[in-house]
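Participant:
2 protein chains.
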Amino acid sequence: MPTKEAAATRRLSEDLRLACMRISRRVRFESDHEVAPHQFSVLSRIEDGPLTPRALADIEKVSAPSMTRTVGCLVEDGLAERAAHPDDGRQVLVTITAQGREVLRATRARRDAWMVARVAELSAQERATLADAAKILAEIAAR
Amino acid sequence: MPTKEAAATRRLSEDLRLACMRISRRVRFESDHEVAPHQFSVLSRIEDGPLTPRALADIEKVSAPSMTRTVGCLVEDGLAERAAHPDDGRQVLVTITAQGREVLRATRARRDAWMVARVAELSAQERATLADAAKILAEIAAR
DNA sequence: TATTGTTATACTCTATAACTATA
DNA sequence: TATAGTTATAGAGTATAACAATA
Numbered sequence: 001m002p003t004k005e006a007a008a009t010r011r012l013s014e015d016l017r018l019a020c021m022r023i024s025r026r027v028r029f030e031s032d033h034e035v036a037p038h039q040f041s042v043l044s045r046i047e048d049g050p051l052t053p054r055a056l057a058d059i060e061k062v063s064a065p066s067m068t069r070t071v072g073c074l075v076e077d078g079l080a081e082r083a084a085h086p087d088d089g090r091q092v093l094v095t096i097t098a099q100g101r102e103v104l105r106a107t108r109a110r111r112d113a114w115m116v117a118r119v120a121e122l123s124a125q126e127r128a129t130l131a132d133a134a135k136i137l138a139e140i141a142a143r
Numbered sequence: 001m002p003t004k005e006a007a008a009t010r011r012l013s014e015d016l017r018l019a020c021m022r023i024s025r026r027v028r029f030e031s032d033h034e035v036a037p038h039q040f041s042v043l044s045r046i047e048d049g050p051l052t053p054r055a056l057a058d059i060e061k062v063s064a065p066s067m068t069r070t071v072g073c074l075v076e077d078g079l080a081e082r083a084a085h086p087d088d089g090r091q092v093l094v095t096i097t098a099q100g101r102e103v104l105r106a107t108r109a110r111r112d113a114w115m116v117a118r119v120a121e122l123s124a125q126e127r128a129t130l131a132d133a134a135k136i137l138a139e140i141a142a143r
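Protein sequence lines correspond, in order, to chains A and B. Mapping the first sequence onto full-length UniProt numbering, position 96 (from 1) lands on 96, and the numbers just tick up by one. Mapping the second sequence onto full-length UniProt numbering, position 19 (from 1) lands on 19, and the numbers just tick up by one.
1. Any idea which residues DSSP pairs Glu81/A with across the strands?
2. Is Asp48/A buried or exposed, if buried means 16 or more other CB atoms sit within 10 Å of its CB?
3. At a CB-CB cut-off below 7 Å, which residues of chain B make contact with Leu12/A?
4. So, is the C-beta of Ile46/A closer than 8 Å to a C-beta in chain B?
5. Using three-state DSSP, classify Leu122/A as helix, strand or coil.
6. Where DSSP assigns a beta bridge to Leu104/B, which residues make up the other side?
7. Which residues in the same chain as Arg28/A place their Cβ atom closer than 6 Å to its Cβ, once the five residues preceding and following it in sequence are excluded?
8. What in chain A is Cβ-close to Ser24/B, meaning under 7 Å?
9. Thinking Val35/B and Thr70/B are a contact (beta carbons under 8 Å), I'd like their distance in whole angstroms, please.
10. With a cut-off of 8 Å on the beta carbons, I'd call Ile96/A and Ile46/A a contact; round off their distance for me.
11. Near Val75/B, which residues of its chain fall below 7 Å by C-beta distance, leaving aside the five closest residues on each side in sequence?
12. I'd like to know whether the C-beta atoms of Thr9/A and Val119/B end up nearer to each other than 8 Å.
13. Of the residues Glu14/B, Ala113/B, Glu5/B and Ala7/B, which one's Cα is nearest the Cα of residue 158/A?
14. Are Leu103/A and Leu56/A close, meaning C-beta to C-beta below 8 Å?
15. How far does the alpha helix (DSSP H) with Leu74/B in it reach, from first residue to last?
16. Using a beta-carbon distance below 8 Å, is Thr9/B in contact with chain A?
17. So which residues on chain A does Met115/B lean against when the C-beta distance must stay under 7 Å?
18. Just tell me which of Cys20/A, Cys73/A and Ala106/A has its CA closest to the CA of His38/A.
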């Protein structure tokens, strides 16, 4: 890649990263009250099916004892339950409860509300640009 | 706004918010090692001029004692300095040091490196879309 | 013997309440 | 009396090390 194009890529990457991080920060500041960020994160991991504490610790990149504690809080608050593993007596399956699903729904609704208010003020063309960008950004984040 | 258009706006807002938050999370996971997130945040607040602990606490939405501690860590690490306020003997001015500026530069470079690697793989057209989107997102975040 | 999960212990960041110095 | 900053103390979240139960 030529130097000039590389410089443009660098500038775009900076602008894009900063914009994403600032929006993320605003969303969290304005709307996260019900559960702590790491609890929300774990809750959304078990949304589509139970996982073991070990798996959750690896996914969330925290230690096993930390995950034990976080799961303990979720269970204590009625947002998740511990169940025995059918095949392996050592393992535990952390399962989301109906109340846990409700917390996920409400938190997402609050977060989205902030964003909807801003997107609604844009022009149709700006929204179209953002729709294209959202697809590309989602792919980047998934790598 | 018609119902159908409102639904599209809602969907776009969700997709966009999720993409931004996931990218933000990835960037932090992959590249934040030198200073803690809240230290980095405070450091960037005093980048363009000194601020008092009170002002920093308000901006960062933490308590005054928390900010006292964070500033204490920054000072201990040589990234910031405390200076007397010229007019008001009660107040303190927290000033960034040359070493503090270097930490900001290095952390930003690491964060950008992750993003540059991904943006470089995109097509010219995708980059053009993202460049337009970055402008719009920056405006949204600034509101 | 290796793995899963938990408990024991310590460190960091956060908060509220109380204290000191200055306006 | 009010404000800025700090110190005292306590409550979460995180980590490593040690332990119990199971494979």
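Every residue gets a Cβ at the ideal spot worked out from N, C-alpha and C, and that includes glycine. These figures come from a predicted structure and were not determined experimentally.
Facilitator: So, from the data block:
1. Looking up residue 81/A in the first sequence gives position 81. Under DSSP, the beta-bridge partners assigned to Glu81/A are Thr95/A.
2. If you number the first sequence from 1, residue 48/A lands on position 48. By the neighbour-count rule (16 or more Cβ atoms within 10 Å), Asp48/A is not buried but exposed.
3. Here residue 12/A corresponds to residue number 12 of the first sequence, with the count starting at 1. Here the neighbours are Val119, Arg127, Leu130, Ala131 and Ala134.
4. Position 46 of the first sequence, counted from the first residue, corresponds to residue 46/A. No, because no Cβ of chain B sits closer than 8 Å to the Cβ of Ile46/A.
5. Along the first sequence, read from residue 1 onward, the residue named residue 122/A stands at position 122. It is coil, neither helix nor strand.
6. In the second sequence, residue 104/B corresponds to position 104, counting from 1. The partner list for Leu104/B (beta bridge, DSSP) is empty, contrary to what the question assumes.
7. The residue given as residue 28/A occupies position 28 in the first sequence. Answer for Arg28/A: no residue qualifies.
8. Start at 1 with the first residue of the second sequence, and residue 24/B comes out as number 24. Simply Cys20, Met21 and Ser24.
9. Along the second sequence, read from residue 1 onward, the residue named residue 35/B stands at position 35. Along the second sequence, read from residue 1 onward, the residue named residue 70/B stands at position 70. In fact, because the Cβ distance is near 10 Å, the residues do not count as touching under 8 Å.
10. Counted from its first residue, the first sequence places residue 96/A at position 96. Counted from its first residue, the first sequence places residue 46/A at position 46. Yes, Ile96/A and Ile46/A are in contact; Cβ-Cβ is about 5 Å, under 8 Å.
11. Start at 1 with the first residue of the second sequence, and residue 75/B comes out as number 75. If we look at Val75/B and ignore the five residues flanking it on each side, its Cβ neighbours are Glu81 and Arg82.
12. Locating residue 9/A in the first sequence gives position 9, where the first residue counts as 1. Locating residue 119/B in the second sequence gives position 119, where the first residue counts as 1. Contact flag set, yes.
13. Here chain A has residues from 1 to 143 only, and residue 158/A is not among them.
14. Reading the first sequence from its first residue, position 103 is the one you call residue 103/A. Reading the first sequence from its first residue, position 56 is the one you call residue 56/A. Strictly speaking, residue 103/A in this sequence is Val, with Leu absent from that position. Result no, Cβ atoms of Val103/A and Leu56/A do not sit closer than 8 Å.
15. In the second sequence, residue 74/B corresponds to position 74, counting from 1. Its alpha helix (DSSP H) spans residues Ala64 to Glu76.
16. For the purposes of this step, residue 9/B is identified with residue 9 of the second sequence, where counting begins at 1. Chain A contact via Cβ: present.
17. For the purposes of this step, residue 115/B is taken as the residue at position 115 of the second sequence. By Cβ distance, chain A contributes Ser13, Leu16 and Arg17.
18. By one-based count along the first sequence, residue 38/A stands at place 38. For His38/A, the nearest C-alpha among the options comes from Cys73/A.
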